[in-house]
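Here's the structure we're looking at; comments come further down.
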Amino acid sequence: MTKPTLNHARNTLVLFATGLFILLLGATSIRTYAKSMNVDPTPTPEITQSSAPATTLQTNPHEDGECLDCHGNPALTGLTMDGETISLYIQPAAHQESFHSREGGGCNKFCHQAQATYPHETSTAESCAVCHWQVSGQAPVDGKLVFKLPYVDARAITLEVNTSCKKCHVEIFESTTDSAHTRIMLEGNRYAPLCSDCHSGHDISLVTRQGVSDVCKKCHLAEYTTYKGSVHGAALEADSNPDVPTCAGCHGSHLVSGPGTTDFRTATVKICGDCHSDKTIMDKYGISTDVLSTYMDDAHGLTDFFRKTNLENITRATCFDCHGKHNILSPDNPSSKVYPENLQSTCQQCHDDANIRFPQSWLSHKKIDSGANPGLSWTNQISLFIVVAAAVIILALIILDARRRIALKVKAGRNNGK
Numbered sequence: 027m028t029k030p031t032l033n034h035a036r037n038t039l040v041l042f043a044t045g046l047f048i049l050l051l052g053a054t055s056i057r058t059y060a061k062s063m064n065v066d067p068t069p070t071p072e073i074t075q076s077s078a079p080a081t082t083l084q085t086n087p088h089e090d091g092e093c094l095d096c097h098g099n100p101a102l103t104g105l106t107m108d109g110e111t112i113s114l115y116i117q118p119a120a121h122q123e124s125f126h127s128r129e130g131g132g133c134n135k136f137c138h139q140a141q142a143t144y145p146h147e148t149s150t151a152e153s154c155a156v157c158h159w160q161v162s163g164q165a166p167v168d169g170k171l172v173f174k175l176p177y178v179d180a181r182a183i184t185l186e187v188n189t190s191c192k193k194c195h196v197e198i199f200e201s202t203t204d205s206a207h208t209r210i211m212l213e214g215n216r217y218a219p220l221c222s223d224c225h226s227g228h229d230i231s232l233v234t235r236q237g238v239s240d241v242c243k244k245c246h247l248a249e250y251t252t253y254k255g256s257v258h259g260a261a262l263e264a265d266s267n268p269d270v271p272t273c274a275g276c277h278g279s280h281l282v283s284g285p286g287t288t289d290f291r292t293a294t295v296k297i298c299g300d301c302h303s304d305k306t307i308m309d310k311y312g313i314s315t316d317v318l319s320t321y322m323d324d325a326h327g328l329t330d331f332f333r334k335t336n337l338e339n340i341t342r343a344t345c346f347d348c349h350g351k352h353n354i355l356s357p358d359n360p361s362s363k364v365y366p367e368n369l370q371s372t373c374q375q376c377h378d379d380a381n382i383r384f385p386q387s388w389l390s391h392k393k394i395d396s397g398a399n400p401g402l403s404w405t406n407q408i409s410l411f412i413v414v415a416a417a418v419i420i421l422a423l424i425i426l427d428a429r430r431r432i433a434l435k436v437k438a439g440r441n442n443g444k
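If you read the sequence shown in this note's numbering, its first letter stands for residue 27, the second for the next number, and so on.
Structure representation (structure tokens):
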């Protein structure tokens with residue numbers, strides 16, 4: 027019984043060795059053939075594991091040229107010339123809900139005409155190996171498909187694409203010519219706001235009243251923080267109050283201007299007056315609509331009204347000089363610039379020698395009436411009576427003098443006739 031058992035074991039060992047030899051020979055032949063065809067063999071499990079699943083495209087962009095075949099891949103990444111890494115991924119759902127997509131415009135119809143074909147005109151030969159990394163044998167690092175871009179930095183891409191907005195939005199684009207943002211750009215600041223900075227890039231939408239502040243705060247965070255705490259900003263943030271001014275309501279949306287320009291200072295009275303003289307709005311909050319008329323009747327308003335059209339620099343106080351720019355508060359708020367205890371320092375912005383009694387000469391947008399200011403009311407009425415009486419007397423003297431002169435000429439003519 028022992029001999030047959032040994033023979034069986036020997037036969038089994040021979041068969042196992044023969045099978046192993048055949049497997050090794052087959053693997054060697056496959057690898058040799060792959061190298062002769064300049065193609066790498068199927069990646070090992072270790073290489074496959076080192077790359078993210080997203081590095082394998084599910085569709086072939088060569089066949090249909092669909093942008094999202096590539097750009098719908100979260101692994102798609104760009105590397106600018108200065109080494110900045112940016113994502114080239116476009117979220118399909120966000121793009122489909124964008125304003126342009128709803129208008130039936132594809133990527134290269136409106137914005138990316140230079141990338142209308144695939145591979146793109148700017149693509150280099152080495153770009154092929156990024157997607158076909160199995161061929162190059164260089165597996166993606168951290169699961170990213172990194173393409174070298176022919177741009178200095180990410181801002182250069184934004185600047186190039188921004189010019190495409192002009193093709194459709196001609197009038198709006200031209201209205202930005204005199205904008206504060208355009209002037210900053212012309213002065214050399216490449217990061218001055220462009221179309222996509224406010225309206226976004228691929229998920230383009232109209233900017234709502236509530237969204238205006240969120241857009242502006244990306245650059246003007248300090249101003250936004252102050253505005254948020256003001257009487258206007260608090261109402262907008264709390265319940266999207268449609269009556270309060272937003273950033274665009276005062277500064278404009280495309281033709282943006284600020285308090286440092288003459289045009290803005292001269293327009294301030296109208297900007298504030300349009301709302302504060304509207305009874306349908308002011309009656310909701312118990313605010314008098316006399317603020318505009320009383321301002322135009324005092325020294326500040328009269329001076330601005332008669333001089334604003336022919337002076338480059340308006341030195342008289344406008345609305346925001348007294349009430350603040352973004353930090354406008356209720357007059358009853360102790361932090362308000364027009365709160366009684368704060369009026370002296372507010373007046374001293376222009377009147378250096380203003381003492382504590384100086385603000386009392388200002389009526390604070392109040393009309394002169396016998397109830398609140400009996401002394402001023404009588405003085406005003408007496409002054410008005412004197413002015414009217416003087417005008418009537420002067421007019422009467424002129425009429426009497428003219429009548430006398432005419433009578434003398436008639437009499438002289440009769441005497442000459444005789």
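Using N, Cα and C, we set each Cβ at its ideal position, and we do this for glycine too.
All of these numbers come straight from a predicted model, not from anything done at the bench.
- Between the beta-carbon of L105 and that of V172 there is about 5 Å, and that keeps the pair under the 8 Å contact cut.
- In the three-state reduction of the DSSP assignment, V317 falls in the helix class.
- Here G104 is bridged, per DSSP, to I112 and F173.
- Per DSSP, the unbroken alpha helix (DSSP H) holding G237 starts and ends at R235 to C242.
- Take N442, set aside five residues on each side of it, and no residue of its chain has a beta-carbon closer than 6 Å to its own.
- N381 and L220 have their C-alpha atoms some 48 Å from each other.
- If you draw a straight line from the Cα of P360 to the Cα of G259, it comes to about 18 Å.
- Our two residues, D204 and E213, have alpha carbons roughly 13 Å apart in a direct line.
- Unbroken alpha helix (DSSP H) stretches of 4 residues or longer found wholly inside the stretch 342–413: 345–349 and 369–373, given in chain order.
- By the Cβ criterion, the stretch 138–157 is not in contact with the stretch 261–269, since fewer than three pairs of Cβ atoms, one from each stretch, lie closer than 8 Å.
- Beyond the five residues adjoining it in sequence on each side, H391 comes within less than 8 Å, by CB distance, of S314, D316, V317, T320 and Y321 in the same chain, given in chain order.
- The three-state reading of DSSP puts C245 in coil, since its state is none of H, G, I, E or B.
- In the DSSP assignment, G259 falls within the alpha helix (DSSP H) that extends over V257 to D265.
- Counting C-beta pairs with one atom in each stretch, the stretch 220–235 and the stretch 177–190 have three or more that are closer than 8 Å, which means they touch.
- By the beta-carbon neighbour count (other beta carbons within 10 angstroms, threshold 16), A438 is exposed.
- Residue environment: L102 is assigned as buried (16 or more neighbouring CB atoms within 10 Å of its CB, all protein chains considered).
- In the three-state reduction of the DSSP assignment, K437 falls in the helix class.
- When Cβ pairs closer than 8 Å are counted between the two stretches, the stretch 289–301 is seen to touch the stretch 342–354, the count reaching three or more.
- H349 sits buried, since 16 or more C-beta atoms from the chains shown fall within 10 Å of its C-beta.
- In the three-state reduction of the DSSP assignment, K135 falls in the helix class.
- Sixteen is the threshold: when 16 or more other Cβ atoms of the shown chains lie within 10 Å of the Cβ of N99, as they do, the residue is buried.
- Here F125 is near I230, since their CB atoms are less than 7 Å apart.
- Contact between H121 and S113 does not hold, since their C-beta atoms are separated by about 14 Å, which reaches or exceeds 8 Å.
- The beta-carbon separation of I354 and S256, rounded to 5 Å, stays under the 8 Å limit for a contact.
- Assigned with DSSP and collapsed to three states, V270 falls in coil, not helix or strand.
- Taking a C-beta distance under 7 Å as the contact criterion, H352 and T252 qualify as a contact pair.
- Going by C-alpha positions, L232 is about 14 Å away from C242.
- For the pair L421 and D427, the Cα-to-Cα distance works out to about 10 Å.
- Minimum Cα-Cα distance from D324 among the listed residues T294, H277, K174 and I394 corresponds to I394.
- If you draw a straight line from the Cα of S371 to the Cα of V364, it comes to about 9 Å.
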